[in-house]
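S.K.:
Residue numbers (our numbering): 65 to 251.
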């Protein structure tokens, strides 16, 4: 593993970011500002806020974890989530449950945790495909450990100073790294 990838590997595994990068992109990606030409053409025109009451019962059920934050969301984010909710409602129950859990975790995060997650997602996206594959593999190895081993490893990891974490990651490229998603306790 490249020397620069090891610190990123430690960062991402410690953040618990890798469970499903596509789902994170759907639920947490920053909303790009529309280009002036697209707005001028009527495409991506500024959106009006969506009232929670204007959502269908199906959309409200899917988006229930973020209801308390709905009125504070940017209108473009509201629109995107409403559109995604229509699609998510058609997914198998197990996938819907995953999305519900992730939305709940997101809703329970502090603004700083959300910002950190966005930055980590961008950094993960900037890795090479090989580096992303290694990070995913390390996370899967960690997830495959029994809960008590994950807990012990996580506690040991969080007790280490950052420099020691980096040295450990450099010296153990094939070992699973502990992870704890923001806003979540234990496994």
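Even for Gly, the Cβ is constructed at its ideal location relative to N, Cα and C.
1) For the alpha helix (DSSP H) containing residue 215, name the first residue and the last one.
2) How far does the alpha helix (DSSP H) with residue 148 in it extend, from its first residue to its last?
3) What is the DSSP secondary structure of residue 90, reduced to helix, strand or coil?
4) Spatial neighbours of residue 112 within its chain, please: C-beta separation below 7 Å, excluding the five flanking residues on both sides.
5) Take residue 155 and list the residues in its own chain whose beta-carbon comes closer than 8 Å to its own, dropping the five residues that flank it on each side.
6) Compare the Cα-Cα distances from residue 130 to each of 121, 167, 146 and report the closest residue.
7) From which residue to which residue does the alpha helix (DSSP H) around residue 190 run?
8) Just to confirm my understanding: we take residue 85, look at its own chain, exclude 5 residues before and 5 after, and list those with CB closer than 6 Å. What are they?
9) Skipping 5 residues on each side, what residues in its chain have a beta carbon closer than 6 Å to that of residue 126?
10) With respect to the alpha helix (DSSP H) encompassing residue 226, which residues constitute its N-terminal and C-terminal limits?
11) Where does residue 114 sit, in a helix, a strand or coil, going by DSSP?
12) Buried or exposed for residue 236, going by 16 or more other Cβ atoms inside 10 Å?
13) How long is the line joining the alpha carbons of residue 233 and residue 200, rounded to whole angstroms?
M.R.: So, from the listed chains and residues:
1) 211-223
2) From DSSP, the alpha helix (DSSP H) with residue 148 extends over 139-152.
3) Here residue 90 scores only 43 on pLDDT, less than 50, and its place in the model should not be relied on; the value that follows carries that caveat. Of the three classes helix, strand and coil, the one that applies to residue 90 here is helix, per DSSP.
4) Once the five neighbours on either side are set aside, the close Cβ partners of residue 112 are 139.
5) 163
6) 167
7) 175-190
8) Caution is warranted here: a pLDDT of 39 is assigned to residue 85, below 50, making its placement in the model unreliable, and the coordinate value is therefore given only provisionally. Counting only Cβ-Cβ distances below 6 Å, and skipping sequence neighbours, we find nothing.
9) Around residue 126, the same chain offers 149, 152, 153 as residues with beta carbons nearer than 6 Å, after the five sequence neighbours per side are excluded.
10) 226-235
11) coil
12) exposed
13) 15 Å
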